[in-house]
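Written below as structure tokens is the structure these notes are about.
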Amino acid sequence: MLNTFSNSTTIEAFYETGELMYPFYGLELGGYISHAHAWSTGPTASLTFHVGGLSPVTDAGKTWEFVPHAAGTDIGELHTGYTLATGDFSVEWTTKNQDSYFMANLETPQNTTGSISVPTFGKFLNSIEVSVNGNIVWTSGVLDTVLLLIDVSSLKDLDNSSPQLVMKDHKFIDVDACETARRLCVPNKTVVPRPGVLLLPALVFFLILLGAFDIVMETHILARVPNALLSSTPKLCTPTVVNFSNIEYHSNHRYYDLLKDKTVPVPVFREDHTKLCDKKTRIKAKYDYCLPISGRKDTPFCAGADRMDLLNLRSAKSICYSSVLHMLLVEVYEELQATGNIPFLAFGSLLGAVRNSSLIPFTEDVDIGFVGEMVSTEMVRLALRRKGFHMFFMDIWRVCVAPTHPLAGYLYDPNLPTTSPFEVPYVDLYTMKQLDNGDWDMQELDGSDGRILP
12 MLNTFSNSTT IEAFYETGEL MYPFYGLELG GYISHAHAWS TGPTASLTFH
62 VGGLSPVTDA GKTWEFVPHA AGTDIGELHT GYTLATGDFS VEWTTKNQDS
112 YFMANLETPQ NTTGSISVPT FGKFLNSIEV SVNGNIVWTS GVLDTVLLLI
162 DVSSLKDLDN SSPQLVMKDH KFIDVDACET ARRLCVPNKT VVPRPGVLLL
212 PALVFFLILL GAFDIVMETH ILARVPNALL SSTPKLCTPT VVNFSNIEYH
262 SNHRYYDLLK DKTVPVPVFR EDHTKLCDKK TRIKAKYDYC LPISGRKDTP
312 FCAGADRMDL LNLRSAKSIC YSSVLHMLLV EVYEELQATG NIPFLAFGSL
362 LGAVRNSSLI PFTEDVDIGF VGEMVSTEMV RLALRRKGFH MFFMDIWRVC
412 VAPTHPLAGY LYDPNLPTTS PFEVPYVDLY TMKQLDNGDW DMQELDGSDG
462 RILP
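Heads up, my numbering is the position in the sequence shown plus 11, with the first residue counted as 1.
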């Protein structure tokens, strides 16, 4: 090698004949490509990992980062890549109009996790707008986001705080969700990335990642969209979520203290779900104004689940139905008591309480009875509405979680259709009246006069 590569162990030319030789020694071999000159071995790595910006972080690229250094390079166009044990990595980016336009395509292997940093080209943050998959995550220097987490169930290190856009060395808006940096992580465990697009037209910067997924993407919305965007996008809206601080609770349970300390982003509704933003419809609405919520009902995972679990969700797949039901039970029960009603547990809810002081994991609803006619029905409805619940009459009084609930950003499942009757966690309210002969008549849905209890 010392003889063919000019006293160097680095490959300097790769000929069309398949031979490797220093160009001036192999003029008779024909055409060649410059593989890595002795004096450019370092620059090659720098151009690939530093300027190109796509570099492995750990274990053959199982985690990677894209931090392009494009500002002021006058490169115009760059295309680089490499192959590691995990697969092929490649990046192609272009700058135009004196760095006012930036476009990049990325490809990374499946089963890898990466972070993306966005060059700002020295622009003021309040003049930059960043979007992910067409959804704005940064505008006017403010984290004002629609943030899509891809397969959040695979984020083992995701903490409970909302992902954030953070500045890095005053040169990049860094988008990452690893626990140590509190940023947005894009896991590729169930995703095969395809080329994405990064745009920076004039003073407005757009980051668009275009993905084609092998399986249906589980998304969890963790923030909100600017009003300017909403006004021009009729199929997109956010509800007016109840403020924790404005809610008057009837106990000093630790749940409420933790709840008030939580930063829960507002859900974003699309397509048919946008009707959930219209508060005028809730007056006559029934289940169709209930927040679409899915949850697990299996044991032992959901055995003994309660509302405290909702404050420590790891992903949408970790929500237990009975956790939401327990939250509904406590809030409705306390509100009935506060308005002078006499509530009690009934049917399946009573059975679970007697068995092990919890809700049955596979139960569909909560059953609460109250003695006589409901006292101050409208006061109960108003009080529950102020807490983010929807109380409606359909054969009997029922309560579900409304789109305005403080935890709606955690609970909302955008993959569900508009809620149909009995397909979300809900409470049934039954009246029980004492008859003249001393017996008690318990209201039921089936039957004309209810059930007679001695």
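C-beta atoms are modelled at their ideal positions from N, C-alpha and C, and glycine is treated no differently.
Given the structure is predicted, the values throughout are model-derived calculations rather than measurements.
For residue i, the residue or residues it bridges with in DSSP
i    : result
T468 : Outside the modelled stretch of the chain, which goes from 12 to 465, sits residue 468, for which no answer is possible.
D439 : D378, R409
R307 : C331
C313 : Bridge partners of C313: none, in fact.
S101 : G92, E118
M402 : V410
C248 : F280
Proximity of residue i and residue j at Cβ, strictly below 8 Å
i    : j    : result
D378 : G359 : yes
D283 : T429 : yes
L117 : T91  : no
C313 : T249 : no
L339 : F381 : no
T251 : T415 : yes
D452 : L446 : yes
V335 : P436 : yes
V62  : L31  : no
T97  : P79  : no
Where residue i sits in the DSSP three-state scheme
i    : result
I294 : helix
L169 : Unreliable placement is indicated for L169, whose pLDDT of 31 sits below 50; the coordinate value is still reported in the next sentence. Coil at L169, not helix or strand.
E229 : Residue confidence for E229 is low, a pLDDT of 32 falling below 50, so the modelled location carries little weight and cannot support an answer.
W451 : strand
L220 : In this prediction, L220 scores a pLDDT of 37, lower than 50, which makes its location untrustworthy; the coordinate-derived value is nonetheless stated afterwards. In the structure shown, L220 sits in coil (DSSP, three-state: anything other than H, G, I, E or B).
Y300 : helix
L356 : strand
L241 : For L241, the predicted structure reports a pLDDT of 43, less than 50, and the residue's modelled location is therefore unreliable. The matter cannot be settled from this model.
N263 : coil
Y421 : helix
V115 : Residue 115 is actually Ala in this sequence, not Val. Note: A115 maps to strand in three-state DSSP.
Y26  : strand
T59  : helix
H337 : helix
F255 : helix
K444 : strand
M385 : coil
E342 : helix
N426 : coil
Residue i: CB within 7 Å of a non-hydrogen atom of the ligand PLP
i   : result
A56 : The model depicted lacks the ligand PLP and carries no ligand whatsoever.
Identity of the residue in the options nearest residue i by Cα
i    : options                : result
R293 : D70, A81, F403, T97    : F403
V317 : P120, V341, A296       : It should be pointed out that residue 317 corresponds to Asp in this sequence rather than to Val. Checked all of P120, V341, A296; the closest Cα to D317 is V341.
Y93  : P130, L65, Y298        : L65
M405 : S431, L393, A394, V102 : S431
D85  : E259, W104, V68, K246  : W104
S256 : A24, R397, K73, G63    : R397
F280 : L247, K295, S126, P311 : L247
Interface flag, residue i vs chain B, CB-CB below 8 Å
i    : result
M319 : Note that chain B does not occur in the displayed structure, where there is just one protein chain.
*Give a yes or no on contact between the stretch 301-313 and the stretch 255-269, applying the rule of three or more CB pairs nearer than 8 Å.*
no
_Is it the case that the stretch 343-354 contacts the stretch 385-393, given that we only count it when at least three CB pairs across the two stretches are under 8 Å?_
yes
*Could you say if the stretch 356-376 and the stretch 413-424 meet the contact criterion of at least three C-beta pairs nearer than 8 Å?*
no
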